[in-house]
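Trainee: Protein chains in written order, with numbering that gives the first Met the number 0: chain A, 0 to 98; chain B, 0 to 215.
A virtual CB, placed ideally from N, CA and C, is assigned to each residue, including glycine.
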Amino acid sequence: MRIDFFLVMAALLFTIGCVGVLVRRNIIVMLMCIEIMLNAVNLTFIAFSHELQSMTGQVFALFVITVAACEAAVGLAIVLALYRRRRTTDADDASLLRW
Amino acid sequence: MHLLTGLVIVIMAAALARAIAPGRPILTALGGGIAAAALLAAFHQDLAGTDFWAGTIGFLAILTALIVVIHPNPMVSVLSLIMNLLCLALFYLLLQAQTLAILQVIVYAGAIMVLFVFVIMLLNLKAEEGLRIGRGVQRWGAILGGFAFAALLLWALRHRQGHAWMEPGRHAGEFGTAASLGGLLFGQYVFATEAASVLLIAAMVGAVLLAKRRLD
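Rendered as C-alpha cells:
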C-alpha cells in the first residue's frame with residue numbers, strides 16, 4: 000500500500016489539531032488538540048518508517064509518545080493550579096503575560 | 000486517487016460533524032449517508048481490500064478529530080479523542096508497527112486519556128454555553144490559516160519527489176517487533192532513551208509541584 004494516503008491523513012489531522020488550538024479557548028480542549036497534532040506527526044514518522052523499511056521512525060514515534068505523556072502531565076497540573084486560583088479553564092482569563 | 004479520496008472524506012466528515020454539533024438528527028443522518036455513499040463509490044473496486052478499510056478508518060479518524068475540535072462538551076471531546084487514538088493504532092498496524100500500535104493503545108488511549116478524563120471529572124466541567132471560540136480576527140484568521148496550511152501540506156505531498164532515495168533497511172525481516180525496537184532503543188539510541196527518562200522524572204516532579212496546594 001502506498002503511503003501517500005497516510006501522509007494526507009496525517010496532514011489533515013495536523014491541520015485539524017492546529018485549527019483547534021487556535022480556535023478553542025478551553026485549555027483542556029487545546030491540550031487535546033495538541034495531542035492530535037503529535038499523533039499526526041507520529042503517523043508521518045511511522046508511514047515513512049514503513050516506506051524506508053527503517054526502524055528509526057518508530058523509535059522517534061516512541062519518543063514523541065514519551066514527550067506527549069510529559070506534556071499532558073505538566074499541562075494538566077497547570078490547568079489544576081489555574082483552576083484552583085482563578086476558577087476558570089478559559090485561556091482568555093489567564094492573560095497576565097499578554098501584551 | 001488517494002488525495003481525492005482524502006478530500007472527499009474530510010469534506011463529508013466536516014458536514015457530518017457540523018450537523019452533529021447543533022443537534023439536528025436529520026442532518027446528521029443525511030451527512031452520514033452521503034459520506035458512506037461517497038466512501039463506497041470511491042472504494043467500490045476493492046471493497047474487501049486493505050484500501051477500503053484504510054479509508055474507513057481514516058474517515059473515522061478525521062470525524063473524531065473534528066468532533067474533538069467542534070463539540071462544546073469536553074467529556075465528549077475526550078471520548079472522541081480516545082476513538083481517534085484507536086483509529087491511529089489501527090493505522091500503525093496497517094503500517095507494520097505492531098509494537099507501537101499496542102503502546103498507542105496502552106499508553107495513549109489508556110494512561111494519558113485517563114489523566115484527561117480525571118481532570119475533567121475533578122473540575123466538573125460542563126458543556127460551554129454556545130461554543131466559546133475566539134472572536135473576530137482570531138476566529139477567521141485561524142480558519143483561513145487552517146485551510147491555507149492544509150492546502151500547503153497537500154501541495155507539498157503532491158509534489159513529493161519520487162522513490163529514488165529510498166532503500167530497504169536491514170531490519171526487513173523482523174520489522175516492527177518489540178525485539179527490534181528494543182534493540183534500537185538500548186543500542187543505537189540509548190542516550191536518547193536515558194534523556195527521555197530524565198525528561199519523565201522532570202515532568203513528574205514538575206507536575207507534583209504544580210499540583211501542590213501551596214509552594215512552601
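With C-beta atoms as the reference, is A/Ala67 less than 8 Å away from B/Ile111?
Mentor: Their beta carbons are under 8 Å apart, which means A/Ala67 touches B/Ile111 by this criterion.
Trainee: Given B/Gly168, which residues of its chain have a CB within under 7 Å of its CB, disregarding the five upstream and five downstream residues?
Mentor: For B/Gly168, the predicted structure reports a pLDDT of 49, less than 50, and the residue's modelled location is therefore unreliable. The matter cannot be settled from this model.
Trainee: Within the continuous alpha helix (DSSP H) that includes A/His49, where are the two ends?
Mentor: Start and end: Ile26 to Leu51.
Trainee: Please confirm whether B/Glu193 has its beta-carbon closer than 8 Å to some beta-carbon of chain A.
Mentor: For B/Glu193, the answer is no, since every Cβ of chain A falls outside 8 Å of its Cβ.
Trainee: Keeping to the same chain, check which residues put their C-beta closer than 7 Å to that of A/Asp92; ignore five residues upstream and five downstream.
Mentor: Excluding positions up to five away in sequence, the list reads Arg85.
Trainee: With burial defined as no fewer than 16 other Cβ atoms inside 10 Å of the residue's Cβ, what is the status of B/Gln187: buried or exposed?
Mentor: Burial call: exposed.
Trainee: Go ahead and pull the three-state DSSP assignment for B/Ile56.
Mentor: Of the three classes helix, strand and coil, the one that applies to B/Ile56 here is helix, per DSSP.
Trainee: May I ask which residues mark the beginning and end of the alpha helix (DSSP H) holding A/Arg84?
Mentor: Here the alpha helix (DSSP H) through A/Arg84 covers Thr55 to Arg85.
Trainee: Per DSSP, which one or two residues make a beta bridge with A/Asp89?
Mentor: A/Asp89 is bridged to A/Asn25.
Trainee: Using 8 Å as the Cβ pair cut-off and three pairs as the minimum, do the segment 93-104 of chain B and the segment 56-63 of chain A touch?
Mentor: They touch, by the three-pair rule.
Trainee: State the Cα-Cα distance for the pair B/Met82 and B/Pro71, rounded to the nearest angstrom.
Mentor: Distance between the alpha carbons of B/Met82 and B/Pro71: 17 Å.
Trainee: Ordered along the chain, which non-local residues of its own chain (more than five positions away) have a Cβ less than 7 Å from that of B/Gly175?
Mentor: The answer, listed in chain order, is Gln95, Ala96, Gln97 and Thr98.
Trainee: Output the boundary residues of the alpha helix (DSSP H) element that contains B/Thr176.
Mentor: Unbroken run through B/Thr176: none, as it is neither H nor E.
Trainee: Nearest-angstrom Cα distance between B/Leu121 and A/Asn25?
Mentor: C-alpha separation (whole angstroms): 15 Å.
Trainee: May I ask you to report which of helix, strand or coil DSSP gives B/Ala96?
Mentor: DSSP places B/Ala96 in coil when its eight states are reduced to three.
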